[in-house]
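Numbering (my numbering), first residue to last: 2 to 134. Input: a single structure, listed below in structure tokens.
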């Protein structure tokens with residue numbers, strides 16, 4: 002899968018899919034392309050291969066951190082992959098106190114869900130600036 006300009010991989014727990022639909026809509030409205038695992042995965046696909054392809058093609062990474070996501074080891078695994086694949090990682094919290102996140106999130110930009118639009122604006126600005134160099 003080739004890199005898609007201004008694409009944002011959205012990491013989340015499946016239980017949070019309603020919030021993710023809202024995030025994807027807002028990303029599209031900002032001119033960004035959301036990359037969602039469930040839109041690419043087909044029966045018979047190897048989960049890790051599809052995940053790697055999507056993440057490798059992303060320009061930025063947005064993590065939805067909820068109580069369900071914190072219980073899911075895949076979200077932390079995806080954080081490690083995101084750190085290897087790209088420099089822009091943003092975590093959006095919903096139902097979680099940003100000050101009480103586990104150690105892997107230290108050093109990353111953390112924003113509460115009610116500031117999602119400003120986080121998306123920041124992503125759009127960074128990706129636009131990166132595209133001009």
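For every residue, glycine included, the Cβ atom is placed at its ideal position computed from N, Cα and C. These figures come from a predicted structure and were not determined experimentally.
Asked, Found
"Proximal residues to residue 117 (C-beta, below 6 Å), its chain only, five neighbours per side dropped", "93"
"Spatial neighbours of residue 95 in its chain, beta-carbon cut-off 8 Å, leaving aside the 5 residues before and after", "17, 20, 65, 66, 67, 113, 114"
"Segment limits, beta strand (DSSP E) that includes residue 66", "61-66"
"Opening and closing residue of the beta strand (DSSP E) in which residue 110 lies", "110-113"
"Of the listed residues 58, 121, 29, nearest to residue 86 (C-alpha basis)", "58"
"Simplified DSSP state of residue 97, which is helix, strand or coil", "coil"
"Which of helix, strand or coil DSSP assigns to residue 3", "For residue 3, the predicted structure reports a pLDDT of 45, less than 50, and the residue's modelled location is therefore unreliable. A value from the coordinates is still provided. Coil, per DSSP."
"Three-state class that DSSP yields for residue 120 in the structure shown", "helix"
"Burial state of residue 79, where buried means 16 or more other Cβ atoms lie within 10 Å", "buried"
"Per DSSP, the bridge partner or partners of residue 103", "In DSSP, residue 103 forms no bridge with anything."
"Residue 36, enclosing beta strand (DSSP E) - first and last residue", "34-36"
"Inter-stretch contact (C-beta, 8 Å, three-pair minimum) for the region 95-111 and the region 68-77", "yes"
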